[in-house]
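Quick note, the sequences are listed as chains A and B, same order.
All residue numbers for the first sequence refer to my numbering, where the first residue is 1 and numbers rise by one.
All residue numbers for the second sequence refer to my numbering, where the first residue is 1 and numbers rise by one.
2 protein chains.
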Amino acid sequence: MTGREFFTARTVSDALAGFRPARRTATEDVALDAALGRVPAVDIVAPEALPGFRRSTVDGYAVRAADTYGASEGLPSYLDLAGSVRMGAAPTVAVPAGGCVAVPTGAVLPGGADAVVMVEYTAATMPGTIEITRPVAPGAGLVRADEDVAAGATLITAGRPLRSAELGLLAAAGVGMVAVHARPRVAIISTGDEVVPPSTPTLAAGQVRDATASALAGLVTEAGGEPVLAGIVPDDRVALEAVLREALTDADLVVISAGSSVGARDETAGAVAALGTIWCHGLALKPGKPTLLAECCNVPLLGLPGNPLSALVVFRLVGVPLVWRLAGCEVTPPEPTTRARLSRDLASATGRLDIVQVRIRDGVAEPLFGPSALLSVLTRADGYLVVPEPATGLDAGSEVEVTLYR
Amino acid sequence: MTGREFFTARTVSDALAGFRPARRTATEDVALDAALGRVPAVDIVAPEALPGFRRSTVDGYAVRAADTYGASEGLPSYLDLAGSVRMGAAPTVAVPAGGCVAVPTGAVLPGGADAVVMVEYTAATMPGTIEITRPVAPGAGLVRADEDVAAGATLITAGRPLRSAELGLLAAAGVGMVAVHARPRVAIISTGDEVVPPSTPTLAAGQVRDATASALAGLVTEAGGEPVLAGIVPDDRVALEAVLREALTDADLVVISAGSSVGARDETAGAVAALGTIWCHGLALKPGKPTLLAECCNVPLLGLPGNPLSALVVFRLVGVPLVWRLAGCEVTPPEPTTRARLSRDLASATGRLDIVQVRIRDGVAEPLFGPSALLSVLTRADGYLVVPEPATGLDAGSEVEVTLYR
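Laid out in structure tokens, this is it:
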């Protein structure tokens, strides 16, 4: 009880800009059906042009555009039907001057043609002859052989998580395996004499089940990481150092969910200082002040506040961008947001980022208060709003942007 | 080439409101570490109060609040230090009148105490005596035994996907298994004589690799479903009916990625009509007009347009909400959005929903045009904007909301 923490407080934006570990996870090859959300380690270049052939984009007739010039409902062009193209097969006829070939959407354009007239602007009134009632320009109704992707063009850019559309483009290009960064392994160490595993059926006096580790594991998974629960360590420097050393051999990021007492937090800072370099201890953030950022043996380390709510706020703001960065993704993918009107005045200290949990009803954001020891504040929240560092608060009725929990 | 499609076009909002299959997936029990994003099938009630004991929320001294009334820096209250409470253990002393007990954050409040004074407002100037320099009210510095959750209160509400915070609350309550809806199995049937598997090393003339199925599988996975690739069927009614019958025995939703030709689309509609009831064929949507919604043997069925871009637009708008609904979640979780200024005028037909792919640079949304046969339009896009049914277009410079692809 005699200790006082030494805070060299930094703003959150300082921490995000300044604490930038060089570590990146190794590269591994994954099949396309397991690649969603994974971060490509290298650019992927198109091995061939796509679609690879001149392709009709409409159901209609392949023509020489010049043969349709001047055509109208009143004075159609009459073209000789030279044949048709089957889907998925090479054309067996070409379009002669004054002729046309029937093509379905997606078929190969026959030789000689430079445009396709939509079936809607044609009529087959006499056998072997097609009436064209509208002129087309060269290039109408088709895509070029390299219009989707040119051979050698970049299909996929390194560092950007793969989305569904990219999976489609890779499939189209016949790329079945992708080199991606391994999922960052995030070791989660829980500390505290009072903390027991969630599986504990009956609690003794003063014990609490480890809620933070399970919630952190969820956030790690959402950020594309692989959570590794490293267990619960009592408030004992030697024990914590041993678990920390072990975690550092295998993890890409170590997260310590510290005990809530000042003694526990002191032990954590001491153990971390013994194994690496503390970059900052203290963020100008509420909740989340007693946050610790360090690097040990080339592994970044994040020491979280003891209260579950505070720990989760800090991990969202600081930990999630770190997990993405370790996987080679510099820009954290966006979260859902919504705008709402604030239901009441919110006070805030200048120079500090305030994270306020809110419920949203009918476009009104209602702040949820309560000690950060209470996890139910988070489960009742639809999202959070940020009162930025320079502000001294927000007025009731002002429009705020709320980041929504998914 | 002679067929014309018969469209009974509906608006997208009509389709979302009106096409509401009753099917829900079965319930299964999953462990907490596999429950992220899953949809609880029933409410979960707290088996006991949380935290379960009166708990200090600060490092300090447990007191009888009345003993601190009138205390100030100039005129402190002096209280006898009766002992201390260890983390995670039952107190061995109570707070007598005129006394106090040292408590760390998170410890059990000793008997007799009704408040905790923060250590910052105390001094230990004489052995066995603590100076209190600020008064506290009853209830200060603590949470009640049932303040996080009361025994019997609802921890988790059915029908809402589990977020990280809920995983934490369930862990705190000692709930290790959760009854959730099974992931909806979504059979994806690709059709088209021109379509070949993505693994095809060299394409013959007119062939294209199946891009849509891989991209759809990604969207299904994001929506919490389990994609089942049911293979590629040629444009043949009998073959399609056979694959459809097989898929209907096992799937919760069947998606047909139709061939692009009008013939292929006719075969699809015919096969579906033979096995079930078509709810609508045609949406007032661009791209995405030739969409088919049906129900066959109690399984909803979605027939997508032949172009990959159109197919993915329709699946996002109509398929994703269906997948969530099948898993018991009525409100589709929000997607990330951002506001941007439109770079140019956009024309649109009244009565039709237009989905426009956009790139965003420095707050400006630049529409991406190109035939919907081109998947690269989607991979270049950061998101899409919606021109609603009543609008005839949007003006350059107007503020638009863009849904961002993750």
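C-beta atoms are modelled at their ideal positions from N, C-alpha and C, and glycine is treated no differently.
The region 243 to 324 of chain A is shown to contain whole alpha helix (DSSP H) runs of 4 or more residues at 262 to 275, 308 to 314, in chain order. Separation of A:Pro76 and A:Pro96 (C-alpha to C-alpha, rounded to the nearest whole angstrom) is 18 Å. Looking at the backbone, the Cα of A:Ser164 and that of B:Ala251 are separated by about 21 Å. Residue environment: A:Val238 is assigned as exposed (fewer than 16 neighbouring CB atoms within 10 Å of its CB, all protein chains considered). In this structure the region 181 to 196 of chain B lies against the region 207 to 220 of chain B, because at least three pairs of beta carbons, one per stretch, are closer than 8 Å.
DSSP lists A:Gly60 as the bridge partner or partners of A:Met118.
Closer than 8 Å to the CB of A:Tyr69 there is not a single CB belonging to chain B. For A:Thr200, no beta strand (DSSP E) run applies, since DSSP gives it neither H nor E. Interface criterion not met: the Cβ of A:Gly111 is under 8 Å from no Cβ in chain B. With its beta carbon less than 8 Å from one in chain B, A:Phe53 belongs to the interface.
In this structure, DSSP gives B:Gly383 an extended state, which the three-state scheme calls strand. By the neighbour-count criterion, in which a residue is buried when 16 or more other Cβ atoms sit within 10 angstroms of its Cβ, A:Pro390 is exposed.
Scanning chain B for C-beta atoms nearer than 8 Å to the C-beta of A:Val387 yields nothing, as the closest lies near 20 Å away. Within the same chain, and ignoring the five residues on either side of B:Gln207 in sequence, the residues whose Cβ sits closer than 8 Å to its Cβ are Glu194, Val195, Val196, Thr200. In the DSSP assignment, B:Gly99 forms a beta bridge with B:Asp80.
Out of A:Leu155, A:Leu378, A:Gly259, A:Ser343, the CA that lies nearest to the CA of A:Ser398 is found in A:Ser343. One finds Asp193, Glu194, Ala204, Ala205, Gly206, Gln207 in chain A with Cβ atoms closer than 9 Å to the Cβ of B:Ala89, taken in chain order. Around A:Arg185, no beta-carbon contact reaches into chain B at under 8 Å, the shortest distance being about 15 Å.
Using beta-carbon distances, B:Val358 does not count as an interface residue toward chain A, since no partner is under 8 Å. Within a 10 Å sphere around the beta-carbon of A:Glu166 sit 16 or more other beta-carbons, which makes this residue buried.
B:Ala124 and A:Val364 have their alpha carbons spaced roughly 48 Å apart.
Around the beta carbon of B:Arg183, 16 or more other beta carbons sit within 10 angstroms, so the residue counts as buried.
A:Ser164: not part of any beta strand (DSSP E); member of the alpha helix (DSSP H) spanning 164 to 172, first to last residue.
For B:Gly218, the secondary structure class from DSSP, reduced to helix, strand or coil, is helix. The region 280 to 291 of chain A makes contact with the region 314 to 322 of chain A: 3 or more CB pairs, one atom from each, lie closer than 8 Å.
In the three-state scheme derived from DSSP, where H, G and I count as helix and E and B as strand, A:Arg237 is classed as helix.
For A:Asp345, the three-state secondary structure derived from DSSP is coil. Taking 9 Å as the Cβ-Cβ cut-off, the region 167 to 185 of chain A approaches chain B at Leu167, Gly168, Leu169, Leu170, Ala171, Ala172, Ala173, Gly174, Val175, Gly176, given in chain order.
In the structure shown, B:Asp67 falls within a helical segment according to DSSP collapsed to helix, strand and coil. Under a criterion of Cβ atoms nearer than 8 Å, the residues of chain B adjacent to A:Leu32 are, in order, Pro198, Ser214. Taking CB atoms only, A:Tyr405 has a neighbour in chain B less than 8 Å away. In the structure shown, the three-state DSSP call for A:Asp148 is coil.
Of the residues assessed, A:Pro127 falls on the exposed side of the cut-off, its CB having fewer than 16 other CB atoms within 10 angstroms. Close to chain A, meaning a Cβ-Cβ distance shorter than 9 Å, are the following residues of the region 226 to 241 of chain B: Pro227, Leu229, Pro234, Asp235. B:Glu401 is bridged by DSSP to B:Arg339.
Nearest CB-CB separation between A:Ser261 and chain B: below the 8 Å threshold.
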